[in-house]
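Enquirer: Protein chains in written order, with my numbering: chain A, 23 to 1124; chain B, 394 to 857; chain C, 21 to 208; chain D, 51 to 343.
If you scroll down you'll find the structure; I have some questions about it.
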Amino acid sequence: MKRKWHHPEAELESGKRVYWRSYDELQDTPEFREWLEREFPRGAAEVSGSEADENTRRSFLKYMGASASLAGLGLAGCRRPDQFIIPFNKHVEEQIPGRPLYYSSARPVAEGCIPLVVTTYEGRPTKVEGNRLHPEWKGGSDVFTQASILDLYDPDRSAAFRKEGEVLGADRFLEEFEKGFLEPFRAAKGAKSALLVGASTSPTRDRLISELFKVSPGLQVFEYEPLLSLARRQADARLWGDGVSAVPVIDKADRILALDADFLGLDPQGESSNARWAARRSPGKAMARLYVVEPAFTLTGGVADHRMRLASSQVIKFAVLLAEQLGLASQVAPLAAKLGLARELIDAGWVKECAADLQSKKGRSLVLVGSRQPVEVHQIAGLINQALGAIQGASGPLQLVRHGRKPLPGIESLAAAIRSGAVENLVVTTPSDPLYDAPASAKWGESVAKLKSLVHLGVRHNATGRRATWHIPGAHYLESWGDVRSATGVLSIVQPMIQPLFGGWSELHLLLKLFPVPAASATAAAGGGAPAIAEDPGYTAVRDTFATLVKGDKELAWGLALRDGFSKGSKNPLAVPAAAPAALGFEASALADFPGPDAIEVVLTPSSHVWDGRFINNSWLQEVPDPISKLTWDNAALMSLATADALGVTHDGQLISIKGADGVSVEVPAFRLPGQADFTIQVELGYGQEAAGRVGEGTGFNVYPLLRKEGALICTGAKVERTGGKYALAPTAIHWSMEGRAIVRENTAAAYEEFVVKGHGEDWKNFSYNQGMDGHIPPNIPLYEGPDYFRPNKDQQGAPLGGRFTVDENHQWGMTIDLNTCIGCNACTIACQAENNIPVVGKEQVINGREMHWIRMDRYFSSPREKAGMTAQRVYVPEGRGRPAHDDDTVEMLTQPVACVHCEYAPCETVCPVNATVHSDDGLNSMAYNRCIGTRYCANNCPYKARRFNYFDYNKRRTSDFYLGPLAPAEGLGMTSLKLQKNPNVTVRMRGVIEKCTYCVQRLQSAKIDAKAKARDSRDVMVPTGSVTTACQDACPSRAISFGNLRDAKDPIVKLKEDPRNYDLLKYIGTRPRTSYLARVRNPNPKMPGAEHVGTGSFGGH
Amino acid sequence: MSTQPQVEQDLRGVAREPLVLSGRDYKWITNRICGVVENKQPLIWWLVAVPGALLSLVLLFTLVYLVSTGVGVWGLNQPIAWGWDITNFVFWIGIGHAGTLISAILFLTRQKWRTSVNRAAEAMTLFAVVCAGIYPGFHVGRFWMVWFLAPVPNANAIWQNFKSPLLWDVFAVSTYFTVSVIFWYIGLIPDLATLRDRCKPGLKKALYGIFALGWRGGNRQWRHYEMGYLLLAALSTPLVLSVHSVVSFDFATSVVPGWHTTIFPPYFVAGAIFGGFAMVLTLMIPCRAIYGLHDMLTPKHIDNMTKIIVLTGTIVGYAYLMELFIAFYGGNPFEVDAFHMRTVSGPYVWSYWAMMFCNVIAPQAFWIPWCRKNLVVVMCVCMCVNTGMWYERFVIIATTLARDFLPGQWGYYEPTWVEIAMFVGSHGLFLFLFAMFIRFLPMIAISEVKGVLPQSDPHYHPAH
Amino acid sequence: MSVITEDKVKRTWGYVAEFDTAASVYEAAKAMREGGYRRWDVHSPFPIHGMDGAMGLGPSFLSRIVFCGGLAGSLTALLLQFGTQVGLYPTIVQGKPDNLFTIPAFFPVTFELTILFSAFTILFSLLVIIRLPRLHHPLFESKLFTGFSDDKFIISVEARDPKFAREGTREFLQSIGAKQVELVEEEL
Amino acid sequence: MIGEAPKVHPRPGPHGGNKHGKTLVKFFTRGTGDWDMGNFFPRWTNLLPLKILFAIFLVATGLAAAVATYWTKGYSVVGYQPDQPIPFDHSLHAGQLGMDCRYCHSHVERSSHANVPNAQTCWNCHSQIRTNSEKLVPLRAAMDESYAGYTGKPIEWVRIHKLGDYAYFNHSVHVNRGVSCVSCHGKINEMKVVWQDKSQTMGWCLDCHRNPATALRPLDQITNLNWRAEESDRESFYAALAHQTGTKVADLEKRAQERGFETKGPLTQKEIGSQLKEAWGVHPPESCSACHR
């Protein structure tokens, strides 16, 4: 019975915008374009925004490789609509439909880079991961890097060339730009012109700028980003000379003192500091000890062994006191004279013992200073570090790297030059948005008005872009060629993965345009290969630079650099410091008084969501909860409970006005958190932008007006009062306390020594294993034995239970999360979001408690007082916030990532009526979305609350349209390009189904399939040890997450599961989770005041 | 209330008061009960039926909105994945227990006073189960996939998970509904015959005639009929007990502290009887007044039911206290905390104490005979119990989920307008269906009431 | 015994006799039984206690049928559950077994289906036994008969009864206390 | 009063209601008139319940049968045979000419997808052979730059086999572990125009995953769609298997005997499959996450 269906002639959609571009050997040939458009007609249809296609599209989207699928509902009898498979005309090298390709690249950041490996599916980059080959980084990334992939596909990215706001086509723009700006610029040899760039370590950019000086001697170059540490650069220059920066190498330090320095979090210093710090936190081996002095909890403060809360403006006094203790009294004498009350208010015992401890590890001690601290503190720290012998060439914890870059003047000088008439034309390429974030001292708005022309190159059409005469859409780093040096100088090539989706230019491209027509770099031909790649002029420029930087076979070196992601042996040389730096003339400026109710200190910090504001339109970052406050989608004025009381703040979200010392006032909602210095308010920068895009619009509050001078992130003497208004904040956690439950377990290094190292028999259990209820779990006497996933199947037919179910004898997956090295940075959360197509739900739904992150970062505060009496903090404040009624210096922060722990005896499974969630033979708690009907019973019965429910069609509708249901526009997103980011191997879930961590089952399956396909007729189907990783594991900057095959004796996970610190969360219930945790170990200095409280956060309760 | 003195006299009388007062005869009973159906409905009926119908439309609208838009239109969230939906389900299912219980258990225990209330109570059961069924049916995320719950052979070759209490629920509730319908219908057959025989030819007679199945009341039918009815009663009794036990398994078999409690099945069953009787009284007392049924729904009936309420209310109160005691005595800190937060420190403490007052304190009034006789007091207490039983389910579901194992994922839940509209709408549907029942069917079992008249005893002689 | 009236053929079906009280019909029933009648019945608005004895009827056999129905329900449920959970597609949920040990989880559904099948058996076998639905019946031709659903007690005697005699039976009925007696004829 | 003859009315006979064409509605809504006594329902209504019951039974059975037949993939999908832009004849290429499947579907052993060949693949031969065929116009339009109708547009093949978007099938693991193309696609080498030969439902997948022995065959026969177990040579099969697994033929034969296979006579698929499953450790997953993720 063969029936024929005749299909109508397929209509080719021509003339529609195609985003499918890639730098590939055949890119941009008609074949390639066609392939991209035809091979993925659905993707293409989405890209073209065809409503008709969207209507017929199934909600379970899968972005398959070479297969087309435009499914209707597929009713019986009615034939599904014909679908087409459109193969290439010519084969694309290395491209196998259905298999990903991996390329190395790097994400440039202000003082270095994050080396990456990028996963691409048929030309679409979908995921970035740390480059494990990189000599300094060895993998790992951070939350911004993980989220940067979303920026690439941001539909609100600048997509058009504009002249005075008017959109011009690329060709016409180029023509007019050439005539209107470039020709006059070249003709004037750059006179009265300036370039405002962001911070970068790109050798090519440096080369181009210096070459540009030669041909355009009139050009001036300035550098601006609001969060650059000018003070550190200044101090480094004073202490160690020009072109040298002091790079901490954390793993070489035994004692670290961080002075307002969140070096593990938002104030990164050095390279791969998290991993290096983590490496020194193994109990039993010589553990490093971390002292932190800071105004409010940071991730660094959270993992500190000793932490002092101290107003940011007072840190200098601490530094002075410390210097005195370390025998540098004479050098700091001018400041010591101005200490005022500090000698009484700063715990002298703390300072003394801290100093003694640093001194005791001479040569292995390190003092780090936060970027926002004034130059004096950096200088004092430099002196201390030198006195402590931290600088010993390549072996010391502080290395003086000679990068040779000349410091560029900042925005204040530029503004002055503009106002004086010295600069009339300005080219802005900085990734920040000066019209929004420039300090008041620059009077930037006023200055810009004086310009004749303003050229703006930016990925976002931000405030500066809107004001610009010429706005050029910028290329994302995944779209452009570039190069970058890490902090120690290792050179990486930034490779594009895809042609600019919106036709943007890279910074190098624009710089090259400024050259006289036969471009300087065009002389060096790019060798024989790949002419097509030359479309981005940056390519030749980067290759030219590269050729000057390597010796030997340049072709080979280039190839290796592209393959490995770095150029071997390209580290910068180390500088040798003067034996003793000359006494440094401290500016004898007055030291600010301790803040008080009338003179509040406001600390402006980088945002964990939007950094300095550049990620304002990145919904992943907006929605990832701040690691400490757990706020999403907003910034807030964080304050201690005492401060809140003093200011009359009774509820979170009450609006306060902050009036700076010079009268500028901003309004921000208040949010209370423990562990903050009193009368210090911390606010994140970067919010409240007007030109933000659809995601960022209306989020948060702009506090840049408080930034009075470049780098002046500490504002003292502010007047703060309640305005009477209220604002709805969206925190994802409403509770602070562990309620005396041993959830995040910790103990001290001394206890480890006692119970584990020196202990006998079962003593080790006293360390963490028996904490809480686990010490008295009654014996489990089952009627029948549950499945034993580690017992071999007797026969292929046999099963552990005598039933038909057999276990996988080769693979049993398991995970451990080391709470000792996990600092709670959220990189895993975002990596998981990128890998698993997790939707963003918007602020309203976060307030409703419906965030979808598969990994939730639980954060608890604990303090001895809480432990003393459990009832003290059980105060219920309406609006659903349980508040500890305490806030003191001993408060500790504990973080714990919680995802599905894949219980062997999973309570969720038994309650599902339709068998949508059952156990797999390799020990996964699997979730079949297509079977799920959404009773949510599993979510209720999950003790870890790891299951997430799709309350709405999150993937299909805009966050504002959820409640409209089918009345919302069919393609309400207007965000079709975002879909290109989706991982084709993971189902995009529809409304009404539960989802949760799958252990990245798509990776596991593909590894197993590859192993089987490789095995062919042999029985050796075990996945090679360590060859499969989960997304969170890859992303973790401190390697806290380990994942592996418990059946593979060689796998490190097997050892970790036997670690004495290993414990199961909520073991009492008997769920036998496959994810277990390793208890945190704090390493207190027993002589420190309050040392007895350190590392006891999980004691005492149950 | 012309018969009141008579009643008083009767009450003072010897051992057993008559079940039908004023010496009413068969004819009177037939006329009075059929009269409700045959005569025009009083204004108050319209005041119930019309708003009931409108509210049912509201329910319909919210259901359409819910299914078309997503469960997100409710206020549920991450820790609290069940809220008013399952609360209302358990609430209605609980109410749905009194009917079959009165019919079955009281029948088996030869409580003849049941005859005056069982028909309405059974109808109430059905309507309550209809209301209840809406919630689990529609609370799922993908309503159009609900058929996955039915074990039908399919091309995917997959089946249900028969270990899931939710699937047990599906079987229990649908069985309960079906059996209740059968029970109710079998009971209705003789009365439908009465209505049929009183009707003039026409559509009405045709419909009553069809549903009366040609009942001829012959003893050769009655004897099998009685056996069938007895068997149904015998089956319904464990069924009633099982249904609410199974509903309680939804909670009791879970691991959630505050749910994971072996006391749940009896506690739920007692609660269901408790709430069901309160709802029966809530409905029957107005009906009695409106339709002049005082002689059939006598103070004795009300007295009996209030006594059951105070009994079951006390059982429920005992269960509440036992829960607390077991939590304390068991020493499981998660459970201790769960109950601590329920009763003292959690976000929903008010609902716990509302429940405590309504379900345990208020019914204690019924120890006092005066309160059992005063219909105003009875109505007030019954309304309290209705409210309290709703709160009980809310306390069990919402407060428990809001505060379980990991404080990092604690939350708070409040309903949206959709949930409130659905709640009100389901009450509308219930009232509408009940009004329709009053309008078209005999609300008191005619043949059964006749059967308990003294003259129905074949050895009865008026002289004695 | 057919009478032709106009175009219709009528056949005598029997007599119906009306009684006023339960007690009188009870006595009359005893008399009927003693009088040797076989095909007769007592129609009453409610089941009269002891009437089975008076009429000489034994207990109903319905319960035995229902037992079979219930058993069928139990077996169906067990088969369905065991077959699908252990036989057709065993799955591991919460480490629970996929063999005989899993049966306790099947009790609730087994119980419910037992009840459900029993209830259906009751309904359908009851209807079969009492031969309902039968909307048309010669008795409905009688004027007196409909009183059974109100306040009257009716004894009906079929003409097929061997003891039936057109006059004799009427007299007998009157003699045992019938208030009214009516001849029922059915059309053919 | 006693014995009063009932009134006689002209009324329908035993089957009157139907015969006289009265509709039910009319019947039920007839006026009271002189119908105040006597049987309200005509005699034929006594049989009505049985008739209705019977009708319901018939309709339900029919409906169930219809759904079971037509509302299944076996009916709606199997046999799907769309016209292709180029009427590529598999029976000619794969059948008569004996081209290996992997010549065109070249990534099938490496990727989840068995790719449809690039136009270049066709062009390899058809730039020389039958260049002027009418049928090959789309190919020339795609590839032949000298052709007048050259567009460079790739060929749009109509997709035949499609699983749900939520099912992740992987070709490579099947063809590398002894499952032939023919198991899922049928005898493509005999199809002039390809149709879908198997329902490819989940139940169908599971049949094989539970009993892989029904499909496994030696790896060198994967793309030989004509291979039949019965035609394989017993001795060479066992010799090869023994060689590959490093066991003795005798042991293998003993195993076959234990499994209840005849050790003489022609081989059967079951025997071959069961031996290969054992030898290669084939253990196809039945877990949800194997295909859904």
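Even for Gly, the Cβ is constructed at its ideal location relative to N, Cα and C.
(1) Please classify His924 (chain A): is it buried, with 16 or more other beta-carbons within 10 angstroms of its beta-carbon, or exposed?
(2) Helix, strand or coil for Thr1009 (chain A) per DSSP?
(3) Verify whether the separation of the beta carbon atoms of Val158 (chain D) and Phe106 (chain A) is less than 9 Å.
(4) How many Å lie between His493 (chain A) and Lys149 (chain A) at the Cα?
(5) For the alpha helix (DSSP H) containing Ser222 (chain D), list its first residue and its last residue.
(6) Any beta carbon from chain C within less than 9 Å of Tyr806 (chain A)'s own beta carbon?
(7) Counting only beta-carbon separations shorter than 9 Å, does Ile112 (chain C) have a partner in chain A?
(8) When you compare the CB of Asp181 (chain C) with every CB in chain B, is at least one pair closer than 9 Å?
(9) Examine the Cβ distances between the stretch 149-163 of chain D and the stretch 219-227 of chain D and report whether three or more of them are shorter than 8 Å.
(10) Residue range of the alpha helix (DSSP H) that Glu188 (chain A) falls in?
(11) List the residues that DSSP assigns as beta-bridge partners of Asp61 (chain C).
(12) For a quick check, are the C-beta atoms of Ser80 (chain C) and Ala586 (chain B) less than 9 Å apart?
(13) Can you tell me which residues form a DSSP beta bridge with Glu807 (chain A)?
(14) Residues of the stretch 113-126 of chain C in Cβ contact with chain A at a cutoff of 7 Å, in chain order, please.
(15) I need the DSSP call for His531 (chain A), collapsed to helix, strand or coil.
(16) Just checking: is the beta-carbon of Asn165 (chain D) within a distance shorter than 9 Å of some beta-carbon in chain A?
(17) Mind listing the chain B neighbours of Gly253 (chain D)? Cutoff is C-beta to C-beta under 8 Å, in chain order.
(18) Just grab the DSSP bridge partners of Val920 (chain A) for me.
(19) Relative to the alpha-carbon of Trp60 (chain C), which residue among C:Trp33, C:Arg84, C:Phe121 and C:Glu161 has its alpha-carbon at the smallest distance?
(20) Measure the alpha-carbon distance for Phe319 (chain A) versus Met915 (chain A) and round it to whole angstroms.
(21) If you pair each beta-carbon of the stretch 608-621 of chain B with each one of the stretch 488-498 of chain B, do three or more pairs fall below 8 Å?
(22) How is Pro851 (chain B) classed by DSSP in three states: helix, strand or coil?
(23) Within the 9 Å Cβ cut-off, does Gly534 (chain B) reach chain A?
(24) Indicate whether at least one CB of chain C lies closer than 9 Å to the CB of Arg264 (chain D).
(25) Out of A:Lys374, A:Glu743 and A:Asp369, which has the shortest C-alpha to C-alpha gap to Thr672 (chain A)?
(26) Would DSSP call Leu669 (chain A) helix, strand or coil?
(27) Quick one: complete beta strand (DSSP E) runs, 3+ long, within the stretch 410-484 of chain A?
Expert: In short:
(1) buried
(2) coil
(3) no
(4) 29 Å
(5) His221 to Val225
(6) yes
(7) yes
(8) no
(9) yes
(10) Element bounds for Glu188 (chain A): not the alpha helix (DSSP H) but the beta strand (DSSP E), Glu188 to Leu190.
(11) C:Ser176
(12) no
(13) DSSP lists no partner for Glu807 (chain A).
(14) Val113, Gln114, Gly115, Lys116, Pro117, Asp118, Asn119 and Phe121
(15) helix
(16) yes
(17) Asn547, Ala548, Asn549 and Ala550
(18) A:Arg878
(19) C:Trp33
(20) 8 Å
(21) no
(22) coil
(23) yes
(24) For the record, residue 264 (chain D) in the displayed sequence is Thr; it is not Arg. No - not a single Cβ of chain C is within 9 Å of the one on Thr264 (chain D).
(25) A:Glu743
(26) helix
(27) 420-424, 447-450 and 475-480
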